[in-house]
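> Residues 25 to 328 (the numbering used here) make up the sequence shown, in order.
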Amino acid sequence: MNWQELANQLRQKLDGQVLANAPMKHHTTWRVGGPADLLVIPQTVKDVHETLIFTKHHQLPMMAIGNGSNLLVLDGGIRGVVLKLGGGLKSQYLDGNFLIAEGGAMLPSLARMALNGSLSGLEFAVGIPATLGGAIVMNAGAFGQDIGSLVSQVEVIDFEGKQQILSRDELTFSYRKSSLQDKNIIILRATLQLKPGISEDIAASMEAKLSFRNNMQPLEYPTAGSVFRNPVGDYAGRLIEAAGLKGHSMGDAVISTKHANFIVNRGNATGREILTLIRTIQERVFEQEGVMLVPEVLIVGEER
Ligand SMILES: Cc1cc2nc3c(=O)[nH]c(=O)nc-3n(C[C@H](O)[C@H](O)[C@H](O)COP(=O)(O)OP(=O)(O)OC[C@H]3O[C@@H](n4cnc5c(N)ncnc54)[C@H](O)[C@@H]3O)c2cc1C
């Protein structure tokens, strides 16, 4: 397949960007990942639609991503089309107690908009570097709250190009899971229902949450947040630390000494190095603590 030629063809049809053989390390917060054959950053819903038609016509595999903040892309990269919502499609506005935004809008920006409108509910999200679409698919949450509980409706387009509005009753959310996972749909827009609050209280809560993250998480390095889901009644970080793995490294991938459930990229970590650390953690924690940890990060693409 001549990806450069296909990129040129698709570029004619879109306002957004189309890149051939695009290194995914520029599109993930871990700064890791081999090339996507075609990477599309749409600017409009029409761009998304055109990309889906093009993808179907050429019978290419397709994957949607947001800000790549929960992804381990392996070193061989991703075959077919990666449609990146983060970067474009990010309009957002308030309507009464509702916040309506496109799938590529960033949670910290939405949290700030809610604060400016004296609306409460998104304080937990101020430090999560996710798009609204990625957050809804993963049911992102922190401090005992999650995005799923705020969702009032979601507008999606399926890979055939059919648009649909899903109401709250048609969606289910649980710990880092939603019924929208693995459904071959793209979240174009969503409506969140917030509650009136007091600006000073909302601002104070956000500051406290940001400073908690600064103190507890290795934000000075590229990461994908928590690598493993917390098992029921316990913490993955505690188990990894108890297994003596804090600071353990593989090349430039290091189990954070600040928070053992984070793997940091010290510079030029590869997908293979991170994957090896993930497997090592699973084996050692299982041997020593009897718990098989399940990754929260999604491992995608091909090994080299
Ligand atoms: C420093 C740091 C802190 C973090 N803290 C938290 C935290 O407190 N709580 C938490 O839950 N997570 C946290 N995360 C992880 C991450 O931000 C969340 O999992 C988030 O939901 C991923 O959003 P994203 O836009 O980056 O999605 P991506 O990582 O790009 O994609 C995640 C999944 O969503 C799908 N997807 C993305 N966008 C769309 C769309 N528009 N339509 C359909 N499918 C889509 C992708 O196909 C993929 O399956 C953190 C990450 C980092 C780097």
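Where a beta carbon is used, it is the ideal one built from N, C-alpha and C, also for glycine. Computed from a prediction, not measured in an experiment: that's the story for all the values here.
(1) Mind pulling the beta strand (DSSP E) runs of 3 or more residues that sit fully within the segment 105-184?
(2) Assign Tyr117 to buried or exposed, taking buried as 16 or more other Cβ atoms, counted over all protein chains shown, within 10 Å of its Cβ.
(3) In this structure, how does DSSP classify Asn94 when only helix, strand and coil are distinguished?
(4) Report the residue from Arg213, Lys219, Tyr199 and Leu195 whose alpha carbon sits nearest the alpha carbon of Pro319.
(5) With Ile264 as the anchor, note down where its alpha helix (DSSP H) starts and where it stops.
(6) Within its chain, find whatever has a CB closer than 8 Å to the CB of Lys219; leave out the 5 residues flanking it on each side and keep chain order.
(7) Measuring from the CB of Asn91, is there a heavy atom of ligand 1 at a distance below 6 Å?
(8) How big is the Cα-Cα spacing for Ile305 and Gly92?
(9) Determine the burial state of Arg213: buried for a count of at least 16 other Cβ atoms within 10 Å of its Cβ, exposed for fewer.
(10) Considering only residues of the segment 257-312, which uninterrupted beta strand (DSSP E) runs meet the minimum length of 3 residues and lie entirely inside it, listed in chain order?
(11) Counting Cβ pairs, one atom from each stretch, are 3 or more of them under 8 Å apart for the segment 94-113 and the segment 48-64?
(12) Any heavy atom of ligand 1 closer than 6 Å to the Cβ of Gly141?
(13) If you draw a straight line from the alpha carbon of His50 to that of Leu204, how long is it in whole angstroms?
Let me spell this out:
(1) If we require 3 residues or more, the beta strand (DSSP E) runs fully inside the segment 105-184 come out as 116-119, 122-126 and 175-182.
(2) By the beta-carbon neighbour count (other beta carbons within 10 angstroms, threshold 16), Tyr117 is exposed.
(3) The answer is coil: DSSP assigns Asn94 none of H, G, I, E or B.
(4) Closest option to Pro319, judged by alpha-carbon separation, among Arg213, Lys219, Tyr199 and Leu195: Tyr199.
(5) That run of the alpha helix (DSSP H) goes Ala260 to Ala266.
(6) These residues qualify, in order along the chain: Asn121, Leu143, Ser144 and Gly145.
(7) Answer for Asn91: yes, Cβ within range of ligand 1.
(8) Ile305 and Gly92 have their C-alpha atoms roughly 22 Å apart.
(9) With 16 or more other CB atoms across the displayed protein chains lying within 10 angstroms of its CB, Arg213 is buried.
(10) Entirely contained in the segment 257-312, the beta strand (DSSP E) runs reaching 3 residues are, in chain order, 277-279 and 287-289.
(11) Touching, per the Cβ criterion.
(12) Gly141: no, Cβ never under 6 Å from ligand 1.
(13) Taken atom to atom, the span from the alpha-carbon of His50 to that of Leu204 is near 26 Å.
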